[in-house]
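Trainee: Note that the working numbering has the sequence shown beginning at 17, numbered continuously upward. For each residue, glycine too, the CB sits at the ideal point set by N, CA and C.
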Amino acid sequence: MSDTPRGALTLRTLAMPADVNVNGDIFGGWVLSQMDIAAGIIAGERAQGRVATVAIDAMKFIRPVKVGDVLCIYADVERVGRTSMGIWLEAWVLRGRIGAREKVTEATFTFVAIDDEGRPRPVPDPTTRMA
Ligand SMILES: CC(C)(COP(=O)(O)OP(=O)(O)OC[C@H]1O[C@@H](n2cnc3c(N)ncnc32)[C@H](O)[C@@H]1OP(=O)(O)O)[C@@H](O)C(=O)NCCC(=O)NCCS
17 MSDTPRGALT LRTLAMPADV NVNGDIFGGW VLSQMDIAAG IIAGERAQGR VATVAIDAMK
77 FIRPVKVGDV LCIYADVERV GRTSMGIWLE AWVLRGRIGA REKVTEATFT FVAIDDEGRP
137 RPVPDPTTRM A
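1) Looking at C-alpha atoms only, which residue of I42, P21, E61, D52 is the closest neighbour of R141?
2) Would you mind stating whether I72 and T26 have Cβ atoms separated by less than 7 Å?
3) Start and end of the alpha helix (DSSP H) containing S18?
4) Since R62 is in the alpha helix (DSSP H), which residue starts that stretch and which ends it?
5) Flag this pair as yes or no: are the beta carbons of G84 and G102 separated by less than 7 Å?
6) Under a three-way DSSP split, which group does D92 fall into?
7) So is I89 buried or exposed if we call it buried at 16+ other beta carbons inside 10 Å?
8) Am I right that A129 and V70 are in contact with their C-beta atoms under 8 Å? What's the rounded C-beta distance?
9) Go ahead and label V38 buried or exposed: buried means 16 or more other beta carbons lie within 10 angstroms of its beta carbon, across all protein chains shown.
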């Protein structure tokens, strides 16, 4: 496994005691939610506006996240369709804030660019800047 994260560092946060599961590790749903937020930031930038998550594929929980870890989410636009975008996500931790860096989770999220009524709209050309 590569020891270099793929994508842009898009979100950093601290795993807190309120987010643990019954094993005492961080709840997978919390990690997924941070990845969804990071993917939404990247997809919204690429689509220059509103986006919605339509699918999450190949979600892999590789290592547990512990209380006190710094969670770093890396994101990369790997595919642009007509109205949809595939966003590659990797979550890495710094153990106990300053310790070793480890990849904990990866997935592909699919986002759709939507208009004010929530209907799919074309993803604009990257060279077009919208108001
Ligand atoms: C996003 C949404 C507007 C798309 O509507 P839709 O009727 O499925 O739209 P379409 O069938 O035209 O598909 C739009 C694009 O999404 C893609 N898509 C739709 N469902 C998909 C799926 N399950 N997996 C991957 N791509 C999918 C289509 O291939 C299409 O891509 P393209 O334009 O690049 O070719 C609608 O599904 C929706 O509102 N979903 C809920 C979103 C939401 O609330 N997310 C938060 C979860 S709590």
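Mentor: Reading off the structure:
1) In the sequence as presented, Arg is not what sits at residue 141; that position holds Asp. If we check each option's Cα against that of D141, E61 comes out closest.
2) no
3) In this chain, S18 is not harboured by any alpha helix (DSSP H), its DSSP state being neither H nor E.
4) For R62, the enclosing alpha helix (DSSP H) starts and ends at 44 to 63.
5) Going by C-beta atoms, G84 is not nearer than 7 Å to G102.
6) Reduced to three states, the DSSP call for D92 is strand.
7) buried
8) Actually they do not touch by this definition, with Cβ atoms about 11 Å apart.
9) exposed
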